[in-house]
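*Asks:* The numbering used here puts the sequence shown at residues 9 to 257. Yeah, the Cβ is synthetic: ideal placement off N, Cα and C, and Gly gets one too.
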Amino acid sequence: MTLHQTHLHDALPGLHSHRLSVVAAPEAEQHGHRQRVRDRFLRIGGEATPEMELLELVLYRAIPRREVRSLARRLLATFGDFNGVISASSNRLSSVQGVGSCVIRELKIVEAAAQTMARTKVMHRDVLSTWDALLAYCRTKMAHMDREQFRVLFLDRRNRLVADEALQTGTVNHVPVYPREVLKRALELNASALILVHNHPSGDVTPSDEDIAMTRQVQSGADALGVVLHDHLIVGGAGNYSFRSHGLI
């Protein structure tokens, strides 16, 4: 160190420590915020935790040391709500600034856990007596998909769910359905009853003329085979539609 440098260092003894404190301050602030969010979650529980903070908690696992509040805001602004975020496709998630493979992995883990829990509440149980749980399962599974999907819930004689299968996946506003394939699969599974389910990515759950015509074809074939068609449900971001409740079955 030269004499000039020594004098400068002596004259500004806090220069290096000040620089370190400026760098460390955001990290310390971020740590404090994370701890407050975690503590509040433990104190008030998941149901009372705002969606913004719930999403932050998930992002903490994917992004251990960087600020995530702005990313959580972008995700909610893009996909509407927490369910919309975790249900979004990997391609759509990756289009959001700040989302990488680690973030997508954590969100998909949460989505899988939510679907597994919802499915457990209806599997091998009388779905007609747990109708709200069935609707919750269908919404968790399909309401936020970006393409139409047609699923069939196959039931036994006690109306217990024995199989849940996606038979077709289509475009944003159409999915091809073949009533003959639905009934063939029902016979293969020895199912006694069916519930048809599909989603409308637009959010509008009003059935189309094609939806109504297809449902009548399935019902006609099911009646001929002695299989009961309990309902056809349409789910979307705005809610759900029951054909039976509206007198269409």
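Can you give the beta carbon distance from Phe162 to Ala171, rounded, assuming they're within the 8 Å contact cut?
*Replies:* In the sequence shown, the residue the question calls residue 162 occupies position 154. In the sequence shown, the residue the question calls residue 171 occupies position 163. Correct: roughly 4 Å between the Cβ atoms.
*Asks:* Taking the C-alpha atoms as reference points, what is the distance between Arg133 and Ala201?
*Replies:* Position 125 of the sequence shown, counted from the first residue, corresponds to residue 133. Position 193 of the sequence shown, counted from the first residue, corresponds to residue 201. C-alpha separation (whole angstroms): 14 Å.
*Asks:* Expressed to the nearest angstrom, what Euclidean distance is found between the alpha-carbon atoms of Thr214 and Ile242?
*Replies:* Position 206 of the sequence shown, counting from 1, holds the residue named residue 214. Position 234 of the sequence shown, counting from 1, holds the residue named residue 242. For Thr214 and Ile242, the distance between alpha carbons rounds to 8 Å.
*Asks:* Could you have a look at Arg248 and say whether DSSP puts it in helix, strand or coil?
*Replies:* The residue you call residue 248 lines up with position 240 of the sequence shown. Per the sequence shown, the amino acid found at residue 248 is Asn instead of Arg. Looking at Asn248 - three-state DSSP - the assignment turns out to be strand.
*Asks:* So what does Leu206 bridge to, in DSSP terms?
*Replies:* Position 198 of the sequence shown, counted from the start, is the residue given in the question as residue 206. One detail in the question is off: residue 206 reads as His in this sequence, not Leu. Answer is Phe158, Ile242.
*Asks:* Could you tell me which of Met153, Arg168, His206, Ala230 sits nearest to Glu189, measuring between CA atoms?
*Replies:* Residue numbering aside, residue 189 sits at position 181 when the sequence shown is read from its first letter. The shortest C-alpha separation from Glu189 is found at Ala230.
*Asks:* Suppose you measure from the CA of Gln227 to the CA of Ser102; what does that come to, to the nearest Å?
*Replies:* As a first step, residue 227 is located in the sequence shown; it is residue number 219 there, counting from the start. As a first step, residue 102 is located in the sequence shown; it is residue number 94 there, counting from the start. Between Gln227 and Ser102, the C-alpha separation is close to 41 Å.
*Asks:* Does Val235 come out as helix, strand or coil in the three-state DSSP assignment?
*Replies:* Within the sequence shown, the letter at position 227 stands for residue 235. It is coil, neither helix nor strand.
*Asks:* Can you tell me which of the three DSSP states Met153 falls into?
*Replies:* As a position in the sequence shown, residue 153 is number 145, starting the count at 1. Coil at Met153, not helix or strand.
*Asks:* Let's test the definition: count the other Cβ atoms within 10 Å of the Cβ of Glu196 and tell me whether it reaches 16, buried, or not, exposed.
*Replies:* Taking the sequence shown and counting its residues from 1, one reaches residue 196 at position 188. When all chains shown are included, Glu196 counts as exposed.
*Asks:* Based on DSSP bridge pairs, tell me the residues matched to Glu173.
*Replies:* Start at 1 with the first residue of the sequence shown, and residue 173 comes out as number 165. Val160, per the DSSP bridge assignment.
*Asks:* Under 8 Å, with one C-beta from each stretch per pair, do the segment 142-160 and the segment 102-117 reach the 3-pair mark?
*Replies:* Verdict: no, contact absent.
*Asks:* Excluding the 5 residues flanking Ala80 on each side, which residues of the same chain have their C-beta closer than 7 Å to its C-beta?
*Replies:* Here the question's residue 80 lines up with position 72 in the sequence shown. If we look at Ala80 and ignore the five residues flanking it on each side, its Cβ neighbours are Met60, Leu63, Glu64, Leu67.
*Asks:* Does the contact criterion of 3 or more C-beta pairs under 8 Å hold for the segment 90-104 versus the segment 117-129?
*Replies:* Cβ pair count under 8 Å is three or more, so yes.
*Asks:* Please classify Leu11: does DSSP put it in a helix, a strand, or coil?
*Replies:* Numbered from 1 along the sequence shown, position 3 holds the residue referred to as residue 11. Only weak support exists for where Leu11 lies, its pLDDT of 43 falling under 50; the value from the coordinates is given anyway. Reduced to three states, the DSSP call for Leu11 is helix.
*Asks:* In this structure, how does DSSP classify Arg188 when only helix, strand and coil are distinguished?
*Replies:* Reading the sequence shown from its first residue, position 180 is the one you call residue 188. Of the three classes helix, strand and coil, the one that applies to Arg188 here is helix, per DSSP.
*Asks:* When you compare the CB positions of Leu225 and Pro187, do they come within less than 7 Å of one another, or not?
*Replies:* The sequence position of residue 225 within the sequence shown is 217, counting from 1. The sequence position of residue 187 within the sequence shown is 179, counting from 1. This sequence places Gln at residue 225; Leu is not what is there. Yes, the pair counts as a contact, with Cβ atoms nearer than the cut-off.
*Asks:* Taking the alpha-carbon positions, what's the Asp219 to Arg168 distance?
*Replies:* Counting from one through the sequence shown, the residue named residue 219 turns up at place 211. Counting from one through the sequence shown, the residue named residue 168 turns up at place 160. Looking at the two C-alpha atoms, the distance is approximately 25 Å.
*Asks:* Return the first residue and the last residue of the alpha helix (DSSP H) that Glu61 is part of.
*Replies:* As a working note, residue 61 is residue 53 in the sequence shown. Its alpha helix (DSSP H) spans residues 59-70.
*Asks:* Let me make sure I understand the geometry here. Which of Leu237, Ser98, Val205 has the alpha-carbon closest to that of Asp8?
*Replies:* With the chain covering 9 to 257 only, the question about residue 8 has no answer from this structure.
*Asks:* Does the Cβ-Cβ distance between Gly211 and Gly245 come in under 7 Å?
*Replies:* Locating residue 211 in the sequence shown gives position 203, where the first residue counts as 1. Locating residue 245 in the sequence shown gives position 237, where the first residue counts as 1. Yes.
*Asks:* How should Pro239 be labelled, buried or exposed, when 16 other C-beta atoms within 10 angstroms of its C-beta is the threshold for buried?
*Replies:* Locating residue 239 in the sequence shown gives position 231, counting from the first residue. Here residue 239 is Asp; the residue named in the question, Pro, does not match the sequence. Its Cβ being crowded by 16 or more others within 10 Å, Asp239 is buried.
*Asks:* On the criterion of 16 or more Cβ atoms from any shown chain inside 10 Å, does Thr223 qualify as buried, or is it exposed?
*Replies:* By one-based count along the sequence shown, residue 223 stands at place 215. By the 10 Å Cβ count, Thr223 comes out buried.
*Asks:* Would you grab the beta carbon distance between Ser216 and His152 for me? Rounded to a whole angstrom, and I think it's under 8 Å.
*Replies:* In the sequence shown, the residue the question calls residue 216 occupies position 208. In the sequence shown, the residue the question calls residue 152 occupies position 144. Their Cβ separation, rounded to whole angstroms, is 20 Å, which puts Ser216 and His152 out of contact at 8 Å.
*Asks:* Under 7 Å between the Cβ atoms of Cys110 and Ala70?
*Replies:* For the purposes of this step, residue 110 is taken as the residue at position 102 of the sequence shown. For the purposes of this step, residue 70 is taken as the residue at position 62 of the sequence shown. Result yes, Cβ atoms of Cys110 and Ala70 sit closer than 7 Å.
*Asks:* I'd like the list of long-range same chain contacts for Ile52, defined as Cβ closer than 8 Å, with 5 residues on each side in sequence excluded.
*Replies:* Numbered from 1 along the sequence shown, position 44 holds the residue referred to as residue 52. Excluding sequence neighbours, Ile52 sits near nothing in its chain.
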